[in-house]
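Take the sequence shown: its position 77, counted from the start at 1, is 134 in the numbering used here, and no numbers get skipped. Glycine included, each C-beta is placed from N, C-alpha and C at the ideal position. Every value quoted in this text rests on a predicted model; they were computed, and no experiment measured them. In what follows, a single structure is set out as structure tokens and then discussed.
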Amino acid sequence: MNVAKRTQKLKALLDVRVGPGAAILPNNVKKIHLDFAQKTDDGHYGARRVWRVYLPRLKYHNPAVSMTVKRTADQEGPATLFVHFTPPSISSSPTAPVASPTTSSDHHPSKRVETIDMKHKSESEILSRLLEMTKAMPYEASPDELAELRDVEDYNRKTTRDRAAQSRLNQIKKQEQALLDQARGAGKQGAGI
58 MNVAKRTQKL
68 KALLDVRVGP
78 GAAILPNNVK
88 KIHLDFAQKT
98 DDGHYGARRV
108 WRVYLPRLKY
118 HNPAVSMTVK
128 RTADQEGPAT
138 LFVHFTPPSI
148 SSSPTAPVAS
158 PTTSSDHHPS
168 KRVETIDMKH
178 KSESEILSRL
188 LEMTKAMPYE
198 ASPDELAELR
208 DVEDYNRKTT
218 RDRAAQSRLN
228 QIKKQEQALL
238 DQARGAGKQG
248 AGI
């Protein structure tokens, strides 16, 4: 495998392991569900970015947590993120039930479900609300992962520099070819006189 393909694959793996959204959720988080429209119009862009960028990182670090997505055709509908928490254990539960912001009627009454309205919100705002709500711990990249990230960034800078140099060479060759073609055209016109 050549260096470019290897670097692309390494970057894809690193993007899943580290970055915003790479967090370890507490044990009481059972499920995360996103519900938003298929198109990004009317405030659903942030929800889509959470799904495409942050959810894979969360799932990588929390494989036991169920993460589902429902995309609807209703553009005017809500964009909502649901976080399902497991019921507290009997030994640690208070004598009176604690009221939760949102409870689902089809689940066990002690199961807590909280929601985040994602409509017209940026992906970073949605992520910060989710991490705050769940009290998730951000994942700290290891020194090896940081070194790999630096290698990928160095490679990307080098390829950008090489691409610019090659573009300049191609432009010079085109100019030289145009001058040669112009000279050949002028020579043919002069010979016909």
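- Contact between residue 178 and residue 103 holds: CB atoms are separated by about 5 Å, below the 8 Å threshold.
- Residue 236 sits exposed, since fewer than 16 C-beta atoms from the chains shown fall within 10 Å of its C-beta.
- Assignment of beta strand (DSSP E) within the region 93–157, counting only whole runs of 3 or more residues, yields 123–129 and 137–142 in chain order.
- With a cutoff of 7 Å on beta-carbon distance, residue 67 and residue 206 are scored as not near each other.
- Rounded to whole angstroms, the separation of the alpha carbons of residue 86 and residue 225 is 54 Å.
- Under the three-state reduction of DSSP, residue 87 is assigned to strand.
- For residue 143, the closest alpha carbon among the candidates 185, 123, 227 and 95 is that of 123.
- Under the DSSP definition of a beta bridge, residue 81 partners with 194.
- Counting only residues of its own chain and dropping the five nearest sequence neighbours on each side, residue 130 has a CB closer than 8 Å to the CB of 94 and 95.
- Between the C-alpha atoms of residue 232 and residue 63 there is a straight-line separation of about 35 Å.
- Judged by DSSP secondary structure, residue 73 falls within the alpha helix (DSSP H) whose first and last residues are 60–74.
- No Cβ-Cβ contact shorter than 7 Å links residue 76 with residue 184.
- In the DSSP assignment, residue 238 forms no beta bridge with any residue.
- Our two residues, residue 182 and residue 193, have alpha carbons roughly 15 Å apart in a direct line.
- Setting aside the 5 residues that flank it on each side, residue 195 is surrounded in the same chain by 80, each with a C-beta closer than 6 Å to its C-beta; the list follows chain order.
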